[in-house]
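Numbering (my numbering), first residue to last: 30 to 396. Cβ atoms here follow ideal geometry from the backbone N, Cα and C, with glycine treated the same way. Just so we're clear, the structure is a prediction, and the values are computed from it rather than from any experiment.
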């Protein structure tokens, strides 16, 4: 196996693959990428047996075919260190691969390609296309609410729900929930659900580099697959039933607050400085035309700030984890937000004032 490729052409795919490659190395070959050459087509694959990414590259000329596995981190570090305009020559000699660029020369140990595992993907039950930028925005606006290392393992991922011409993403850690809807061209009866692990969603969102091009999403019983001209991404799904998220969506809130997003964010950020470092609680008091945010900590230190809001209801005082509120305000795109409440013990329903396709639920806390 022997081929030549521009450094700038192979570097970005290797950077994407580095996020997928197994770090703990339960199998030595999982620290490597699989390199397959077929004429002028080069594919590079990384996996940790849960997530798999295949990058497809086109070379400038035809070469005899071949395949091997190369240490991922070392290959990436070598390519990063070479000159920007460099051209790299690869040549496989028995169980080593020679990497040359200008006066630089490296010899890397390889492992047989037959040892490299592959994610078996059965025929998909659901398939649809969606614009890359559209899907990336949906993931970015909801993924922060996924749990991390929760014993309820089904919360350590994102629910993708496909129904008639609609894709819905839901993420929750039990204390807050993010839900987003996007229109797709998909004609089917019923609803298909899939829980994608945190790593799968994180790596998938990193791949989208051409917002105007489509990505084809396929769902089978055990896997999700995303394909473009440049890559094929596959992730195992979490085998579990997602909780009924519809039950936690507030439905009877009669108090609606409209506030400037940046003013809210800055107010919460300042007040949170003196909140309890463990519980991060802030007390919010809504009155006609104003919001007062207050926090204190075990050292008897206090912070308070008032801002103007659009609200004409009865006074209401309620406590929240300020980090959950700041997370929502960090992903909201509109200049103002709508907060819907019922009473001191009810969850807050937060939406953008110009787009209700994404909504957020934050549970209150006792202070």
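Can you list, in chain order, the residues of its chain whose CB lies under 6 Å from that of residue i, leaving out five sequence neighbours each side?
i	result
residue 272	none
residue 314	321, 346
residue 124	139
residue 129	118
residue 336	292, 296, 320
residue 234	165, 168
residue 177	none
residue 294	358
residue 256	245
Would you identify the three-state DSSP class for residue i, choosing helix, strand or coil?
i	result
residue 133	strand
residue 279	coil
residue 179	coil
residue 18	Because the chain in this structure spans residues 30 to 396, residue 18 falls outside the shown range and cannot be described.
residue 38	helix
residue 222	strand
residue 45	helix
residue 361	coil
residue 192	strand
residue 248	strand
residue 212	strand
residue 87	strand
residue 155	strand
residue 106	helix
residue 50	coil
residue 289	strand
residue 313	strand
residue 56	coil
residue 217	coil
residue 305	coil
residue 186	strand
residue 284	strand
residue 395	coil
residue 169	helix
residue 148	coil
residue 258	coil
residue 232	helix
residue 354	helix
DSSP has residue i in a bridge; who is on the other side?
i	result
residue 295	The partner list for residue 295 (beta bridge, DSSP) is empty, contrary to what the question assumes.
residue 264	80, 253
residue 334	322
residue 379	368, 389
residue 92	68
residue 73	64, 84
residue 207	200, 389
residue 128	119, 135
residue 31	120
residue 346	314
residue 99	62
residue 243	160
residue 140	98
residue 339	287
Is residue i a contact residue of the ligand HEM, with contact defined as CB to any heavy atom under 8 Å?
i	result
residue 285	The ligand HEM is not among the ligands present in this structure, which contains no ligands whatsoever.
Our contact map puts residue i next to residue j with C-beta atoms below 8 Å; I'd like the distance itself, whole angstroms only.
i	j	result
residue 64	residue 97	6 Å
residue 28	residue 367	The first residue shown for the chain is 30 and the last is 396, placing residue 28 beyond what the model contains.
residue 44	residue 105	7 Å
residue 35	residue 116	6 Å
residue 108	residue 39	6 Å
residue 300	residue 334	5 Å
residue 309	residue 351	5 Å
residue 363	residue 384	6 Å
So, at 7 Å on beta carbons, what are the nonlocal neighbours of residue i in its own chain, with the 5 sequence-adjacent residues on each side left out?
i	result
residue 283	371
residue 341	317
residue 266	223, 224, 225, 251, 252, 253
residue 83	72, 74, 260, 261
residue 365	287, 288, 289, 290, 382
residue 239	161
What does a CB cutoff of less than 8 Å around residue i pick up in its chain, not counting 5 residues either side in sequence?
i	result
residue 102	47, 50, 60
residue 220	190, 191, 192
residue 174	200, 201, 202, 205, 206, 207, 356, 389
residue 237	161, 162, 164, 165, 244
residue 399	Because the chain is modelled from 30 through 396, residue 399 falls outside the range shown and cannot be assessed.
residue 182	267, 269
residue 280	none
residue 194	212, 213, 214, 215, 216
residue 54	60
residue 331	303, 323, 324, 325
Taking contact to mean at least 3 C-beta pairs separated by less than 8 Å, is the region 227-238 in contact with the region 42-59?
-> A contact exists between the region 227-238 and the region 42-59.
Count the C-beta pairs between the region 245-252 and the region 58-77 that are closer than 8 Å, then say yes if the count reaches three, no if not.
-> Fewer than three beta-carbon pairs drawn from the region 245-252 and the region 58-77 are found closer than 8 Å, and the two stretches are therefore not classed as touching.
Is the region 180-189 close to the region 218-225, with three or more CB pairs under 8 Å?
-> Touching, yes.
Is there contact here, the region 105-112 with the region 76-83, by at least three beta-carbon pairs under 8 Å?
-> A contact between stretches requires three or more CB pairs, one per stretch, nearer than 8 Å, and the region 105-112 fails this requirement with the region 76-83.
Can at least three beta-carbon pairs, one atom from the region 202-209 and one from the region 155-165, be found at a separation below 8 Å?
-> No: fewer than three Cβ pairs fall under 8 Å.
Counting Cβ pairs closer than 8 Å, one from the region 352-360 and one from the region 253-271, do we hit at least three?
-> When C-beta atoms of the region 352-360 are compared with those of the region 253-271, fewer than three pairs fall below 8 Å, so the two segments do not count as touching.
Kindly confirm or deny that the region 373-382 and the region 323-331 touch, where touching means at least three C-beta pairs closer than 8 Å.
-> No, they do not touch.
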